[in-house]
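A.B. asks: First, the structure itself, so that you have it in front of you.
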Amino acid sequence: MENTQKIGPALTGQAAHIRWMIRRDMPDVLGIESNCFEFAWSEDDFIRCLRQRNCIGMVAECDERVAGFMIYELHKNRLHILNFAVHSDYRRHGIGNTMMRKLLGKLSQERRNRIMLEVRETNLEAQLFFKSLGFKAISVLRDFYDDATEDAYLMQFRYQPTAEELAAPHNRITRMAG
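Numbering (the UniProt record's numbering), first residue to last: 1 to 178.
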């Protein structure tokens, strides 16, 4: 798995940078949220989520502006994406792919081996984006959302170990014996 933090050509040809979300990013994140979603999270929703020990926020900066963000939870054997958005002005420039590569780089055969997320039934663009990255819809969640009577697709990406990882020793004892 490639774990790169650079994006292909952005609007000005400069690379985007993925970094931890900080408090002063909140106005930009809220702007992206309202630009992308009819039923947007409030600032309180973001703060409540990010105060959880297992919740992480990251942003993608492009041309010194926050162009996208992701919020995800760490669980014992998986990552769970709670919110993921790229501002419409920055779409189709590799920013979403770069943010996802950052998450995919956190997967391993031994620990967290999958990423889960829910996508609205009406959000075809997101469904196709995640499908292009190897996610599969594994179930339909009926009336999933509180803000509308709408179903969600539960989507999952499963880590596939490389040939080198499969051939590598699996614990300290086999490494020392090999």
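Beta carbons: idealized from backbone N, C-alpha and C, even for Gly.
Using 8 Å as the Cβ pair cut-off and three pairs as the minimum, do the region 104-118 and the region 57-69 touch?
C.D. replies: They do not touch, by the three-pair rule.
A.B. asks: Starting from the Cα of L141, find the closest Cα among M155, S132, L128, K131 and give me that residue.
C.D. replies: Considering only alpha carbons, the answer is M155.
A.B. asks: Quick one: measure Cβ to Cβ for M58 and I18, integer angstroms, because I've assumed they're closer than 8 Å.
C.D. replies: Going by Cβ atoms, the distance from M58 to I18 rounds to 6 Å, so yes, they are a contact pair.
A.B. asks: Can the beta-carbon of F39 be found less than 8 Å from the beta-carbon of A148?
C.D. replies: Contact: yes.
A.B. asks: In whole angstroms, what separates the C-alpha of residue 246 from that of R120?
C.D. replies: Any question about residue 246 goes unanswered here, given that the chain covers just 1 to 178.
A.B. asks: Where does R114 fall in DSSP's three states?
C.D. replies: Correct three-state label for R114: strand.
A.B. asks: Would DSSP call E38 helix, strand or coil?
C.D. replies: Reduced to three states, the DSSP call for E38 is coil.
A.B. asks: Mind checking W41: buried by the 16 CB within 10 Å criterion, or exposed?
C.D. replies: W41 should be labelled buried.
A.B. asks: With L79 and L103 assumed to form a contact (beta carbons below 8 Å), what rounded beta-carbon distance in angstroms separates them?
C.D. replies: Right, their Cβ atoms sit about 6 Å apart.
A.B. asks: Helix, strand or coil, according to DSSP, for I138 in the structure here?
C.D. replies: If DSSP states are grouped into helix, strand and coil, I138 belongs with the strands.
A.B. asks: What whole-angstrom Cβ distance do N83 and I71 have, given they're in contact under 8 Å?
C.D. replies: Contact flag correct, Cβ pair sits at about 4 Å.
A.B. asks: Within the UniProt domain "N-acetyltransferase" (16-160), note down every full beta strand (DSSP E) run reaching 3 residues or more, in order along the chain.
C.D. replies: The UniProt domain "N-acetyltransferase" (16-160) contains these whole beta strand (DSSP E) runs: 17-20, 55-62, 65-74, 79-86, 114-120, 136-141, 152-158.
A.B. asks: In angstroms, rounded to a whole number, what distance separates the CA positions of H93 and L128?
C.D. replies: Near 16 Å, if we compare the C-alpha coordinates of L128 and H93.
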